[in-house]
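Quick note, the sequences are listed as chains A, B and C, same order.
For the record, in the first sequence the residue sitting at position 127 is 127 according to this note's numbering, with numbers rising by one throughout.
This note's numbering runs 1000 ahead of the 1-based position in the second sequence.
This note's numbering runs 2000 ahead of the 1-based position in the third sequence.
Using N, Cα and C, we set each Cβ at its ideal position, and we do this for glycine too.
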Amino acid sequence: MGKQKAHIQFVLNGETAEVAFAPHKTLLEVLREDLGLMGTKHGCELGECGTCTVLVNGRSILSCLMLGLDAEGQDVKSIEGMANGSQLHPLQETFADTGAAQCGYCSPGFLLVAEELLKKNPNPNRETIKEALSGNLCRCTGYIKIYEAVELAAARMRGEEMELPRASVYGLE
Amino acid sequence: MSASPNHPIGKSVPRKEGRKKVTGQALYVDDISFAEMIYGVTVRSSVPRGRITNISFAGDTPWDEFTIVTAKDIRDIGGENYVALILNDQPYLADEVVNHAEEAIVLLAHPNKYLLEEARRNVRIEYEELPAILTLEDSVDKKEIIWGEDNVFKTFLVDKGNVDEAWTNADLIVEGEYFTGAQEQLYIENNGVIAIANEHDGVTVWGSMQCPYYVHKALIKLFALPEDKVRVIQTETGGGFGGKEEYPSIIAGHAALLSLKCGKPVKIIYDRAEDMVATTKRHPSRTRHKTAVTKDGKLVAMDIEFVIDGGAYCTLSPVVLSRGTIHAAGPYFSPNVRIRSSAVATNIPPHGAFRGFGAPQGIFALERHLDKVAKAVGLTPDEFRRRNFIQQGETTATSQIIREKVDMAGLLDRAFELTGYHEKRQRFAKENEQSRVKKGIGFATFMHGAGFTGSGEVYLASVVGAEATSEGRVKILAASTEIGQGTNTIFAQIASEALGVDSDLIEVAQPDTANVPNSGPTVASRTCMVVGKLVESAVLALKQTLVGSGLLREDYSQSEFQEACRTHIEKFGPLKTFSTYQAPPNIHWNDEKYQGDAYGAYAWAVYVAEVSVDSLTYEAQVEDFVALQEVGRVINPVLATGQIEGGVAQGIGFTLFENVVWQNGRMANNQMTNYIMPTPADIPPIRVYFEENPYAYGPGGAKGIGELPMDGPAPAILNAIENATGVSFDHVPLMPEAIMENLTNVLHGITL
Amino acid sequence: MMRLPKFEYRVPRTIAEAVKIVGDVGPTAQFVAGGTDLYPNMKRRQQTPRTVISVMRVPELNQITGDGKSGVRIGASVTLTDIVEHPLINRDYPVIAYAARTISTPILRNMGTIGGNLLLDTRCNYYDQNYEWRKGINFCLKKDGDVCWVAPGSSKCWAVQSSDLVPVMVAIGAKFRLASTLGERMIDAAGFYNDDGIDYLKKRPDELLVDIHLPPTNGWRASYQKLRRRGAFDFPVLGVAAYIKFENGRANGERTVRDAKIVLGGIAPSPIQIAEASAALIGHAFDDEYIQAAAEAAYVKARPLDNTDFVMNWRKQMARQYTLRALRALAVSD
């Protein structure tokens, strides 16, 4: 049984993918070890931190608790599929530039959950953002800059102007 | 100086490696592989103290396929079985005895992760158990001697004036006792290292770490190798907070021992449970205060006894103790101060570096205690502090004369204005009579020294290099690591400002001991202030070289600068300049007496917390938090604000959430479901403000910032809880259970 | 490195196929839906089924049918997110949507199912640990050991029922449909749970939970209050479900309580119904005097053990406060 490999086909970041792997592997392990996509990180591997989040059919799921086998025929999106070629997703831009990513390790998970949120609700208020992101842990930022980055990206996606978060001018001007 | 309009200091230049991090391109250690690489795991002790009587390899594991390393292998290679740091008492692998649960005993490696994990379960270790010390109190009481002759790793005595004689001059003497618990750093990326070791090339390791040269020093001893045969490279690091200061030396040694034995690259990545149960945490502490004051509220004497629990081995405890000791008396002037401190041994996994490094423990005790003293004298907490704030020209506990401008009272005014403190104090007092939810507001005033304590920076003698490239770019060579706090970005800003060229033109080299000089560890809020200053002087030296060689005039444009670099390299070969730390003038420190200039500069801060306490469920919540600080010049507002917000969030965790549950010397809640750090649903608004007072010896005027925000939240929140409930609490973490115990009597009779 | 143990994975498409597989394989097989409970347990080697049978691709288990008038059936594999967002559940059974929304996190609710939550393994500080940690204490009664560390003299396991939906289902009188190769049976939620941390379900291992039948909404109302430390992630360490139904008409302008139930979760191996609380309420006006009496009964009966986060005395105290909250929520929503 140990040597037997499972073989699946699915859509990964918009393209058809095929992969063979040991059948008891999680999607996280398949993405990282069998497909070489290292953007999906792991923080606990037990569903307690949100770090390994990917989107399956547009819904955020924890890749550490989903079998690779269950990806068969599904549409999976990892952080590598978030940008459109070299064009970053607005969330990626605001996360990078306004302090939402510090060590960056939790960022892929937060970004994909935020993308799911903005699809459902293009104009979320702070409370909605908090609740939507409540399954992701970040130890660096205290979350404040993450909320601000989501708000700024949402505004840009709606085609609205928004002032940069006050952080850039606090106490200084 | 320069014709270029580039003045990036003070601007929120985007994080240098930000794009890589948001696209999944940043490579952390577990994202890296080498051909033939296999995996390693650690087998650990299950008892807190004992003699190892037998190790057996059982089960259906194909043991002949496994690389197995024990302490004997270290003897066989002629290495030293200790982690070189301060006292060198911690073995890489326990040999005969174990001194704490989760101590490493056996290492295993195998290409198959699944088999490896099964194999770890099949290693049986038997012990003859020895009596263990599991609490700070039992260690102090010497219930059992488990380390040295008296369980004491280190003591300090700070003695200013004459405390014993001062008691008689006091109108009032107030005593108090305060406790803080352990805290897990909980970086989201667990510890991990990859090692390649062989007899010919020596040892190379890649890993998640803060201090490549610490690892370097430790591996030289472990493998008995010359310096140039050990190479340490930092990979992208997913948070550290002190948790990756000393511990990576152990994992690196383990991976390298396995690699040397099997001849293949070996990767060790801890899983969360192992990382939490086995690696370092913040030192638990006990602080006793005895304070003499006059009836008009002037401090006469402060007698402080500060004890921290170091765990089973010394590791960094003396240094943590040092910072804690010096910060224990705060930003106040008292003519007589005595601080007696000690770090003691227990049979729990060694405690280690964690943001603040002893200071949050002592500051918690002091800022709680001063509210108590104020009450005893009949003054408000703020009025009492105003009468005692240290002024320019006055001396700290270590008799350091504060030469820079300091205005704690001004900071307090501004913080109160920002929070409506006085208005809220009054309003809450009225509203609380009628309401189930009690509101309160409280604050803490404190200072935090940047850089190594005392002569630490002089001993370190850090070096930073700057190298011009033939494309006319400048590469910063430093071992200081980017761990999320923004090292790369601020180094580029400092260099860019000094040279007057775009910050895009500045590259920051990956910390690699083969390529960068030792700029010291990435700790102690020293990276910006101390190392940043070296970055500034190294690039200025580079510019001076170009000017001196006649290739660049003083008033140059960016393209002229680039051209000069190119020409210089063509004509004279590689262009590198180095800058070595030199203490600012008039810094004197007496290591024996612990008197003198403890730090080159201090950051000053006032943090204000607003809380609510539910009188029926006893849950305390932070509703609003204002952090106001003076940190010299702010180099990058977004990054600096991010440091403060993140630190305050960790501080809120330390205060109200993060309770390490010990069971027979082992962490019992070593998972993210039951060791609970705040989630997005649990953090209040955190409002961050800076006052700027440029520091003459910091780059562009900057001081240190990273640890500061850890100091204020715990006392500010507990002071606010006292304001809300009338009950004074003396320990953190403060869980609802403890609030209930103390509050039931006070609040009974209130029904709603 | 938390690897799943090796197992055979089966993905049946019909209920008949699913129950046949489990019948054929026997007790070493286990059903899985969202995997958010089973897979962490497998990674920690608390559970090591040889065969895992996914019920996520059985269409019949993925439906919500009916309405408040006739009662609603929720397939066991419907995700918690779908329940939280379902208009009909929100309209007719807001207590279910509310309780589901308190479970864990949005991402875990995208994966976890109602069936999985109702069958959630009991939890305990000594049991929900990785293998190495449990080995360090010579394991525990629930798995691989012979002592219950919560109550070392006890012959019984005291792991805690930790579902948010269970107390609600018991309180409102939901029924569960089980299927096996021997046929189907319906069982009351109230009779479905054993007060034993190991043998905590009346469900036989060969039975599949097919769907949950919610009773018609003929005048009853219910609420749920959850105690946890954080605003997300945490399992309940106390959950209080309250249910009341009034007599038709009013006496002296007041409505009289005809039926009432208080069910506590998160404190014992099974949900605990507080008969004394019902007795305190039934036949009386729904006013604060009787509500206080019911809360007092809940407090007396709540005997949490020291096997979750939180000190047990505090949890016991909270049983009174949370019962008050749950009941008062029903009073105000008139």
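Residue i to residue j span [Cα, whole Å]
i, j, result
"A:L137", "A:C64", "15 Å"
"A:L12", "A:I144", "31 Å"
"B:I1363", "B:R1286", "12 Å"
"B:V1106", "A:L133", "40 Å"
"B:N1088", "B:E1536", "35 Å"
"A:F95", "B:N1198", "42 Å"
"C:E2017", "B:A1195", "50 Å"
"A:A101", "B:G1698", "26 Å"
"B:E1117", "B:V1041", "8 Å"
"B:F1156", "B:I1339", "8 Å"
"C:P2012", "C:I2083", "23 Å"
"C:E2207", "B:A1252", "50 Å"
"B:Q1234", "A:R32", "21 Å"
"C:Y2073", "A:E116", "Correcting the residue identity first, residue 2073 of chain C is Arg in this sequence and not Tyr. The alpha-carbon atoms of C:R2073 and A:E116 are separated by roughly 29 Å."
"A:R156", "B:N1488", "28 Å"
"C:V2240", "C:V2160", "14 Å"
"B:I1750", "B:D1614", "Residue placement at B:I1750 is poorly supported in this model, since its pLDDT is 41, which falls under 50; the coordinates still yield a value, given next. Taking the straight line from one Cα to the other gives about 12 Å."
"B:A1397", "B:L1370", "16 Å"
Under 9 Å between C-beta atoms of residue i and residue j
i, j, result
"B:Q1392", "B:V1373", "no"
"B:A1609", "B:A1681", "no"
"C:T2217", "C:A2277", "no"
"B:D1073", "B:L1257", "yes"
"B:Q1629", "B:I1644", "yes"
"B:A1166", "B:I1146", "no"
"A:G14", "A:G81", "yes"
"B:R1666", "B:A1101", "yes"
"C:I2198", "C:L2141", "yes"
"C:L2178", "C:L2209", "yes"
"B:E1103", "B:A1071", "no"
"B:E1246", "B:G1352", "yes"
For residue i: DSSP bridge partner residues
i, result
"B:I1304", "B:H1289 and B:I1339"
"C:Q2161", "None, per the DSSP bridge assignment."
"B:Q1234", "B:G1207"
"B:Y1695", "For B:Y1695, which the question treats as bridged, DSSP gives no partner whatsoever."
"C:A2297", "According to DSSP, which records beta bridges pairwise, C:A2297 is partnered with nothing at all."
"C:D2188", "C:K2175"
"C:I2021", "C:I2021 pairs with nothing; no bridge assigned."
"C:C2140", "C:K2143 and C:D2144"
"B:N1719", "Answer is none; B:N1719 lacks a bridge partner."
"C:K2226", "C:G2239"
Nearest-angstrom beta carbon gap, residue j and residue i [assumed within contact, 8 Å]
i, j, result
"A:H24", "C:F2007", "6 Å"
"C:F2286", "C:I2244", "7 Å"
> Between the segment 95-114 of chain A and chain D, which residues of the former have CB atoms less than 8 Å from a CB of the latter, in chain order?
Replying inline: You won't find chain D in this structure, because its protein chains are A, B and C.
> Taking any Cβ of chain A, which residues in the segment 1027-1052 of chain B have a Cβ under 7 Å from it, in chain order?
Replying inline: L1027, Y1028 and D1031
> When Cβ atoms are compared, which residues of the segment 1459-1478 of chain B fall closer than 9 Å to chain C?
Replying inline: none
>> For the segment 2102-2121 of chain C, list every residue whose C-beta sits within 7 Å of some C-beta in chain B, in sequence order.
In response: none
> In the segment 1268-1292 of chain B, which residues sit with their C-beta less than 7 Å from some C-beta in chain A, listed in chain order?
Replying inline: D1271 and R1272
> Relative to chain A, which residues along the segment 1675-1699 of chain B have a C-beta separation below 9 Å, given in chain order?
Replying inline: M1677, P1678, T1679, P1680, A1681, D1682, I1683, P1685, I1686, R1687, V1688, Y1689, F1690, E1691 and E1692
> Relative to chain A, which residues along the segment 2233-2261 of chain C have a C-beta separation below 9 Å, given in chain order?
Replying inline: F2233
> Listed from N- to C-terminal order along the chain, which residues in the segment 2037-2050 of chain C have their beta-carbon within a distance smaller than 8 Å of any beta-carbon of chain A?
Replying inline: Y2039, P2040, K2043 and R2044
> Going along the segment 2187-2219 of chain C in order, which residues come within less than 7 Å of chain A, judged by CB to CB distance?
Replying inline: none
> Quick one, which residues of the segment 50-63 of chain A are near chain C if we go by CB-CB under 8 Å, in chain order?
Replying inline: G50, T53, R59, S60, I61 and L62
> Name the residues in the segment 2290-2319 of chain C whose C-beta lies less than 8 Å from a C-beta of chain B; which are they?
Replying inline: D2309, F2310, V2311, N2313, W2314, Q2317 and M2318
>> Output needed in chain order: residues of the segment 2077-2106 of chain C with a Cβ under 7 Å from some Cβ in chain A.
In response: T2105 and P2106
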